[in-house]
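Number of protein chains: 2
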Amino acid sequence: MAKRVVPEADRRRRRPTKQGQVLTHGLIVETALRMLREHGADGLTARRLGLALGADASAVYRYFRGMDDLILAIADELFGHAMADWRPTGDWRADLRDLGLRIHHAYLAHPQAAVLTASRVTGRPNEVASDETILGVLRGAGFPDADAVRIYHAFIDQSLAFAILDAATLALPKAAREGDEEVWRDTYARLPAETHPNIAATAPLLVARMNDSAYRTALDMLLSSAAAQLRAVGA
Amino acid sequence: MAKRVVPEADRRRRRPTKQGQVLTHGLIVETALRMLREHGADGLTARRLGLALGADASAVYRYFRGMDDLILAIADELFGHAMADWRPTGDWRADLRDLGLRIHHAYLAHPQAAVLTASRVTGRPNEVASDETILGVLRGAGFPDADAVRIYHAFIDQSLAFAILDAATLALPKAAREGDEEVWRDTYARLPAETHPNIAATAPLLVARMNDSAYRTALDMLLSSAAAQLRAVGA
DNA sequence: TCCTTATGCCAACGCCATTGACGTTGATCA
DNA sequence: TGATCAACGTCAATGGCGTTGGCATAAGGA
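In order, the protein sequence lines correspond to chains B and A. 118 is the number that full-length UniProt numbering gives to position 118 of the first sequence; each next residue is one higher, with no gaps. 19 is the number that full-length UniProt numbering gives to position 19 of the second sequence; each next residue is one higher, with no gaps.
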């Protein structure tokens, strides 16, 4: 269970590029992830990816049907990494907590990738396996199907939204590049207290999302709400 | 309070395009929103926007610094629409519920726009006003600042994630165009019960997100959790 | 009436993803 | 050993994209 799926057919003929690099699905995805983290979503283009691989841009198309295909592969790689070697403990709350933190950390490690892939449902092996696992924990805990799905949705939403808004909290490369555009941090900090008293009062708290504790808190709120639901069903 | 902000400086000289159209900030944003809804995120390009306006692509640049600027304007328009004429009732739970549904509906009306704008924090008037309003309701209800911000985050996350995943649930134009790509609906429905028993058992529930009741349920979970928190603080 | 300025239009730039043809390599099998 | 064949890296080209600078023109003020 929760076995990581890696693309196959990577073991036949390998011919090195002009720069001597040997291409594989895995290498391309890794390189793309690195480019995303280092240069942002706009920094990942077929040309630059080819360059980073020491190959021609079009070489990527031997392995992926297009950039879209590559992005789905990146998303699935994230899930595969997050769920690698996971094992249930028998305590559904602990399990869900662990799963949530794993997904959260995977997204945190690649915020740009999170933004890029979050709005996509890949239907790929690792993502589907992750869904299957989460649903299994909930149904195994005794939740009726409808409740299990509802909590599953809330659970996924939580991770997803945190990932996206965390990425937005970071100084986006685009905003930073343009220079004249306000970054979130500054935007909220500079609002006058007369017109926006509530934002002004909480500004430091507002911009401090980017840590585990905020996510942990939200996750715990969800879990205790779910536990209450389960007690209600059991009673 | 919650007054809708529309871009200014739309009242000086207006010269019609060749097709007789008169351009304004508002008209361009409306047209862009329509294109998003009708042709998806990839359907909105400067050239096509210009065409739809009966003008040249470059005409847009007289009103917006670039496509990025336009997208932020679209996002803020959504918030402006959602919060128009909102008034607090004095019951914080009812108020939050109403605000959540308003934002939810605004996103639902333009799923593609939601995906496009969700990962951006605009810092524009309508969005900031919305944040100010939500924080005001929470702080007015008696939540300490740290709790108010935490709940505010969870609240925003909920709307955001629902919007994004709802949009993903829809047959994305890109996937539909390629034809060979599985859409979410089919992906989950077709998984064999042997390998994915939990998904197979809940598949019909899994794909049925696209309605108010799912969001309402999640929202209520959040609100009752918040209420419990408030009681704990008050005691 | 003339001047200023907003603004629409045109042509061009550089970048993008994607594709089809071509050449080269390594594996397979007789 | 040598022929065959599929895999796959490279090249050149295509059409679309956002964006810009220059130019023409119309509206409003004087």
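Backbone N, C-alpha and C define an ideal beta-carbon position, used for all residues, glycine too.
Its Cα nearest to that of Leu108(B), the residue Ala163(B) stands out among Trp86(B), Asp85(B) and Ala163(B).
Using a Cβ distance threshold of 8 Å, Ala167(B) and Ala114(B) count as a contacting pair. Its chain contains Ala46, Arg47 and Gly50 as the residues whose beta carbon lies nearer than 6 Å to that of Ala57(A), once the 5 sequence neighbours on both sides are disregarded; these appear in chain order.
Using a Cβ-Cβ cut-off of 8 Å, Leu160(B) counts as an interface residue toward chain A, since at least one Cβ of chain A sits closer than that to its own. Ranking Ala52(A), Ala228(A), Gly43(A) and Asp98(A) by CA distance to the CA of Phe143(A) puts Ala228(A) first. Excluding its 5 nearest sequence neighbours in each direction, Ala32(B) has C-beta neighbours in its own chain below 7 Å: Leu44, Leu49, Leu70 and Ile74, listed in chain order. Between Leu138(B) and Ala148(B) the beta-carbon gap is near 4 Å, inside 8 Å, which marks them as a contact.
Residues of the same chain with a CB within less than 7 Å of the CB of Leu230(A), apart from the 5 flanking positions on each side, are Ala141, Gly142 and Phe143 in chain order. Per DSSP, the continuous alpha helix (DSSP H) segment holding Leu96(A) begins and ends at Trp92 to Ala109. When Val128(B), Leu205(B), Ile199(B) and Thr202(B) are compared, the shortest CA-CA separation from Ala200(A) is found for Val128(B). When CB distances to chain A are screened at a threshold of 7 Å, the residues of the segment 102-128 of chain B falling below it are Val115, Ala118, Ser119, Arg120, Val121, Gly123 and Val128, in chain order. In the three-state scheme derived from DSSP, where H, G and I count as helix and E and B as strand, Phe143(A) is classed as coil. Glu132(B) has a beta carbon lying within less than 8 Å of a beta carbon in chain A. Interface flag for Met83(B) against chain A is unset, since no Cβ pair is found closer than 8 Å.
The UniProt domain "HTH tetR-type" (22-82) of chain A is shown to contain whole alpha helix (DSSP H) runs of 4 or more residues at 25-39 and 46-52, in chain order. According to the DSSP assignment, Ala214(B) belongs to the alpha helix (DSSP H) that extends over Asp212 to Gly234. Contact note: Gly136(B) reaches chain A through Asn198, using a C-beta cutoff of 7 Å and chain order. One Cα belongs to His110(A), the other to Glu77(A), and the distance between them is close to 11 Å. Burial state of Val233(A) is exposed, judged by a 10 Å Cβ sphere holding fewer than 16 other Cβ atoms. Taking the Cβ atoms as the reference, Arg65(A) lies roughly 22 Å from Gln112(A), outside the contact range of under 8 Å. For Thr202(A), the enclosing alpha helix (DSSP H) starts and ends at Pro197 to Val207. Residues of chain B with a Cβ closer than 8 Å to the Cβ of Ala232(A) do not exist; the shortest Cβ-Cβ separation is about 11 Å. For Arg102(A), the closest C-alpha among the options Ser130(A), Ser224(A), Leu206(A) and Ala189(A) is that of Ser130(A).
In the three-state reduction of the DSSP assignment, Glu127(A) falls in the helix class, which pools H, G and I. Measuring C-alpha to C-alpha distances from Asp85(B) to each of Asp98(B), Phe155(B) and Leu222(B) identifies Asp98(B) as the nearest.
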